[in-house]
Amino acid sequence: MDRITKVTETDGLKKKQIDSLDLRFHFALLGGPLLLLIVIWLSFFNSSFDSALLLKLLLISSIYTLGYSLSYYFHQGRLNRLWQHLQQIVHINDTTFELVNLASHYKNEQAFLDALLKKAVSSIEGAEMGSIIRVDPDSQQLHFESAVGINIEKLRNVKFHLQQSFEFQLTDGRCDRVVVIDNMENINSLSSLTDAEQEILLTAPDSPIRSTLSSPIQIDGKLYAMINLDSSATKAFGHYDRNLVSILTHEAENAIALYQKTRQIQTLANYDSLTSLYNRQRFEARLESWTIKPHFSSYLILIDLDNLKQTNDCGGHQAGDDALRLLAQVLKRHWHEHQLVARYGGDEFIAICHGPLEKVMTDLAEIQRELDSEMKKVHFSFGVSEYTNNFQQAFRVADIGMYDHKRSKKCA
Numbered sequence: 476m477d478r479i480t481k482v483t484e485t486d487g488l489k490k491k492q493i494d495s496l497d498l499r500f501h502f503a504l505l506g507g508p509l510l511l512l513i514v515i516w517l518s519f520f521n522s523s524f525d526s527a528l529l530l531k532l533l534l535i536s537s538i539y540t541l542g543y544s545l546s547y548y549f550h551q552g553r554l555n556r557l558w559q560h561l562q563q564i565v566h567i568n569d570t571t572f573e574l575v576n577l578a579s580h581y582k583n584e585q586a587f588l589d590a591l592l593k594k595a596v597s598s599i600e601g602a603e604m605g606s607i608i609r610v611d612p613d614s615q616q617l618h619f620e621s622a623v624g625i626n627i628e629k630l631r632n633v634k635f636h637l638q639q640s641f642e643f644q645l646t647d648g649r650c651d652r653v654v655v656i657d658n659m660e661n662i663n664s665l666s667s668l669t670d671a672e673q674e675i676l677l678t679a680p681d682s683p684i685r686s687t688l689s690s691p692i693q694i695d696g697k698l699y700a701m702i703n704l705d706s707s708a709t710k711a712f713g714h715y716d717r718n719l720v721s722i723l724t725h726e727a728e729n730a731i732a733l734y735q736k737t738r739q740i741q742t743l744a745n746y747d748s749l750t751s752l753y754n755r756q757r758f759e760a761r762l763e764s765w766t767i768k769p770h771f772s773s774y775l776i777l778i779d780l781d782n783l784k785q786t787n788d789c790g791g792h793q794a795g796d797d798a799l800r801l802l803a804q805v806l807k808r809h810w811h812e813h814q815l816v817a818r819y820g821g822d823e824f825i826a827i828c829h830g831p832l833e834k835v836m837t838d839l840a841e842i843q844r845e846l847d848s849e850m851k852k853v854h855f856s857f858g859v860s861e862y863t864n865n866f867q868q869a870f871r872v873a874d875i876g877m878y879d880h881k882r883s884k885k886c887a
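When you line the sequence shown up against our numbering, it's residues 476 to 887, in that order.
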C-alpha cells in the first residue's frame, strides 16, 4: 500500500505564509518599475521636466498601478481557490488516514464502508448524497452496500448487472475512470431497468438526483465496487471535482485493501482456519472476561472426536476434515456467540457455558442426535466440570471425565 501521509498546519503549511505579501514587496513591485520608467524617459526622450511631462508620467503610473492592482486581485483569487483545493485534498488525506488507523475498530466491512462513504460525501463540495455499489466478482451482479441520504432498503430491491451501470456504459466497459453524469433523468429513462426499478431510483433519495460522480474502486486489479456521489443540483460537479474524486478513490482503495488485510490477519490470529471457531489462544483470552453469574453455574466442556485417525486412514484427510467441520457447525448452532466455543487443537474442542448442568447435558445429547442424523456418522466423547475461575483445575477434571467417557464406550 502507498504510504499515507497526514498533512497538518504543524507541518509548516500555513495559508498566511503562502498568499500574503509584505507591504515592502508591494512598494518594491510598484515603485521599482515606475522609477526605472521615469529615469529612462528623462534620459532618452526629454531632459526638461515640465507640466505636460508630469501629466504623462502620472497617467502612465496610474495605468501601471491599476494594472498591477488588477493582476494582484486575480492572482489572489486564483491563489485562494488553489488554497481551498489544497485544503480539500488535505481533508481527504486526513479522512483516509483516520479510517486506516481505525480500521480494526469496525465491526465488519459494511460498517467500514458506511464510514468511508460518509467521509467521502463530506469531502466533496456539492455532494449531498451517495452510495457504494458492490460488484459480485463471479456473476457481475451489483448490490447496494451503503448509502447516505438515500433509502438503502429501497435501493436493495433493485437488481441489476454491471453492464447496466453508468460506469460501464460511459467507459465502454473498462470501468477505469471517474465519470460525471449531469442529465440523470435522461440517463435513467434510457436504461434497461424496469419501470418499477426506475421508480425506486427516483424515490429512494431524500431529494431528486440531478448530478452524479461515479468512480470505480479497484482492489488488487479487480473491480471491487463503485462509489457514487450525488447532488440535487444540475451540473454540480466539474473537472476539478472529478480529479478530487479520483484522488479520494485511490486513497479509498488503499484504505479498503488495508482494512481487508487487517481483518485477514485478525482472523488468522484468532480463528481456526478449518472450522472458523476460536483457536486456543483466542479462547483463553476471552475466558479472562467470562462472567460468573450468581444464579447459574458455569461449566467447562471438553469434546474429543472419536476415531479421527481411523477416519483419516479409511477416507483420507479430507474425510477427517469434513468430520471436524461438521462437528464445529453443529456446536455453533447449539451454543451461541455469548458462550465460548473453540477448537482447542487436533481433534479436541472446548466450550464454556452457563448452567444449569441438566441443560448442558441436554445440549450435548441434542448435538450427538443431530450428528447421528447426518449421512456421515460423527461421534464424540466429552467431559464436563464446573468452572469457578480456576481454568487449570476445571480443565483437569473435564479431561479426566472425557477419557473416562471414551474408555466406557470402548468397553461397551
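Backbone N, C-alpha and C fix where the C-beta goes; we use that ideal spot for every residue, glycine too.
Spatial neighbours of L591 within its chain, please: CB distance less than 7 Å, with the 5 preceding and 5 following residues excluded, ordered by chain position. Residue 591 sits at position 116 when you count from the first residue of the sequence shown. Excluding residues within five positions, the ones whose Cβ falls inside 7 Å are L574, A727 and A730.
Once DSSP output is grouped into helix, strand and coil, what is the label at V853? Mapped onto the sequence shown, residue 853 falls at position 378. For V853, the three-state secondary structure derived from DSSP is coil.
Whose C-beta lies closer than 8 Å to the C-beta of G810 among residues of the same chain, with five residues either side of it excluded? For the purposes of this step, residue 810 is identified with residue 335 of the sequence shown, where counting begins at 1. Here residue 810 is Trp; the residue named in the question, Gly, does not match the sequence. Only V816, A826, C828 and D838 meet the Cβ criterion.
Going by other Cβ atoms of all chains shown within 10 Å of its Cβ, with 16 needed for buried, is T724 buried or exposed? One-based indexing of the sequence shown puts residue 724 at position 249. Only buried fits T724, as 16 or more other CB atoms lie within 10 angstroms of its CB.
Per the DSSP calculation, I702 is bridged to which residue(s)? As a working note, residue 702 is residue 227 in the sequence shown. Looking at the DSSP assignment, I702 forms a beta bridge with I607 and S690.
Tell me which residue opens and which closes the beta strand (DSSP E) that C650 is part of. Along the sequence shown, one-based indexing puts residue 650 at 175. C650 -> no beta strand (DSSP E), and no H or E assigned at all.
Quick one: grab the DSSP three-state call for Y581. Here residue 581 is taken as the residue at index 106 of the sequence shown, counted from 1. Coil, per DSSP.
Just the C-alpha distance for I479 and N576, rounded to the nearest angstrom, thanks. For this step, residue 479 is matched to residue 4 along the sequence shown. For this step, residue 576 is matched to residue 101 along the sequence shown. Its pLDDT being 38, under 50, I479 is placed unreliably by the model, and nothing is read from it.
What does a CB cutoff of less than 6 Å around K881 pick up in its chain, not counting 5 residues either side in sequence? Within the sequence shown, numbered from 1, the residue matching residue 881 stands at position 406. Closer than 6 Å at Cβ, skipping near neighbours: S856.
Going by DSSP, name the residue or residues bridged to S773. To locate residue 773, count along the sequence shown from 1; it is residue 298. S773 is bridged to H829 and Y862.
Closest by CA to P508, which one among D716, L528 and G542? Sequence index remark: in the sequence shown, residue 508 carries index 33 (1-based). The shortest C-alpha separation from P508 is found at G542.
Taking only three categories from DSSP, how would you classify V623? If you number the sequence shown from 1, residue 623 lands on position 148. If DSSP states are grouped into helix, strand and coil, V623 belongs with the strands.
Please determine, among Q867, I535, P612 and T669, the residue with the shortest C-alpha to C-alpha distance to D695. For the purposes of this step, residue 695 is taken as the residue at position 220 of the sequence shown. Comparing Cα positions, the closest option is P612.
Under DSSP, the alpha helix (DSSP H) around R738 begins and ends at which residues? Working through the sequence shown from its first residue, we reach residue 738 at position 263. Taken as a continuous stretch (DSSP letters only), the alpha helix (DSSP H) holding R738 covers H714 to N745.
Sorted by chain position, which residues of the same chain lie with C-beta nearer than 7 Å to M877's C-beta, five sequence neighbours on each side aside? Counted from its first residue, the sequence shown places residue 877 at position 402. Answer for M877: L777, D779, S856, F857 and G858, listed in chain order.
Decide if F619 is buried, meaning its Cβ has at least 16 other Cβ atoms within 10 Å, or exposed. As a first step, residue 619 must be located in the sequence shown, where it is residue number 144. The residue is buried, with at least 16 neighbouring Cβ atoms inside 10 Å.
Since V816 is in the alpha helix (DSSP H), which residue starts that stretch and which ends it? Translated into the one-based positions of the sequence shown, residue 816 becomes position 341. Taken as a continuous stretch (DSSP letters only), V816 belongs to no alpha helix (DSSP H), being part of the beta strand (DSSP E) at L815 to G820.
If you draw a straight line from the alpha carbon of Q756 to that of N745, how long is it in whole angstroms? Your numbering for residue 756 matches position 281 in the sequence shown. Your numbering for residue 745 matches position 270 in the sequence shown. One C-alpha to the other measures close to 7 Å.
At the level of alpha carbons, what is the spacing between V610 and Q616? Position 135 of the sequence shown, counting from 1, holds the residue named residue 610. Position 141 of the sequence shown, counting from 1, holds the residue named residue 616. Each residue's alpha carbon lies about 6 Å from the other.
Give me the Cα-Cα distance between V514 and S546, rounded to the nearest whole angstrom. Here residue 514 is taken as the residue at index 39 of the sequence shown, counted from 1. Here residue 546 is taken as the residue at index 71 of the sequence shown, counted from 1. Straight-line Cα distance between these residues: approximately 24 Å.
Proximal residues to S772 (C-beta, below 6 Å), its chain only, five neighbours per side dropped: Residue mapping note: residue 772 aligns to position 297 of the sequence shown, counting from 1. Result list for S772: G830 and E861, in chain order.
Please classify E759: does DSSP put it in a helix, a strand, or coil? Counting from one through the sequence shown, the residue named residue 759 turns up at place 284. In this structure, E759 counts as helix in the three-state DSSP scheme.
C-alpha gap between Y497 and L554, whole angstroms: The count along the sequence shown starts at 1 and reaches residue 497 at position 22. The count along the sequence shown starts at 1 and reaches residue 554 at position 79. Note on identity: in this sequence residue 497 is Asp, with Tyr being the wrong assignment. About 16 Å.
Whole angstroms are fine: how far does the CA of V872 sit from the CA of E823? Numbered from 1 along the sequence shown, position 348 holds the residue referred to as residue 823. Numbered from 1 along the sequence shown, position 397 holds the residue referred to as residue 872. Rounded to the nearest angstrom, the two C-alpha atoms are 15 Å apart.
If you draw a straight line from the C-alpha of G821 to the C-alpha of L799, how long is it? For the purposes of this step, residue 821 is taken as the residue at position 346 of the sequence shown. For the purposes of this step, residue 799 is taken as the residue at position 324 of the sequence shown. Roughly 9 Å between the two C-alpha positions.
Identify, in the order they occur along the chain, each residue of the same chain with its Cβ nearer than 6 Å to the Cβ of K807, setting aside the five sequence neighbours on each side. Counting from one through the sequence shown, the residue named residue 807 turns up at place 332. So no residue of the chain qualifies.
Bounding residues of the alpha helix (DSSP H) (the contiguous stretch that carries Q785): Here residue 785 is taken as the residue at index 310 of the sequence shown, counted from 1. Where Q785 is concerned, the enclosing alpha helix (DSSP H) stretches over L783 to G790.
Whole-angstrom C-beta distance between S706 and R685, which should lie under 8 Å: Taking the first residue of the sequence shown as 1, we reach residue 685 at position 210. Taking the first residue of the sequence shown as 1, we reach residue 706 at position 231. Right, the Cβ-Cβ distance comes to about 7 Å (below 8 Å), so this counts as a contact.
Element boundaries [alpha helix (DSSP H), containing A503]: Working through the sequence shown from its first residue, we reach residue 503 at position 28. L498 to F519 is the extent of the alpha helix (DSSP H) around A503.
Please list, in chain order, all residues of the same chain as S621 whose beta carbon is under 6 Å from its beta carbon, the five residues on each side excluded. Residue mapping note: residue 621 aligns to position 146 of the sequence shown, counting from 1. Once the five neighbours on either side are set aside, the close Cβ partners of S621 are L588, D589, L592 and I607.
Since L902 contacts V633 with CB under 8 Å, what's their CB separation in whole angstroms? Residue 902 falls outside the range modelled here, since the chain spans only 476 to 887, and no answer is possible.
So who's on the other strand from H900, going by DSSP bridges? Residue 900 is absent from the model: the chain starts at 476 and stops at 887.
Out of Q559, H714 and V853, which one is the CA nearest neighbour of D781? In the sequence shown, residue 781 corresponds to position 306, counting from 1. If we check each option's Cα against that of D781, V853 comes out closest.
Between the C-alpha atoms of L561 and K710, what's the straight-line distance to the nearest angstrom? The residue labelled residue 561 in the question sits at position 86 within the sequence shown. The residue labelled residue 710 in the question sits at position 235 within the sequence shown. Distance between the alpha carbons of L561 and K710 is about 22 Å.
Quick check on the DSSP output: the alpha helix (DSSP H) that includes D657 runs from which residue to which? As a first step, residue 657 must be located in the sequence shown, where it is residue number 182. That residue, D657, is in no alpha helix (DSSP H); it is neither H nor E in DSSP.
L780 - DSSP class collapsed to helix/strand/coil: Walking along the sequence shown from the start, residue 780 turns up at place 305. Note: L780 maps to strand in three-state DSSP.
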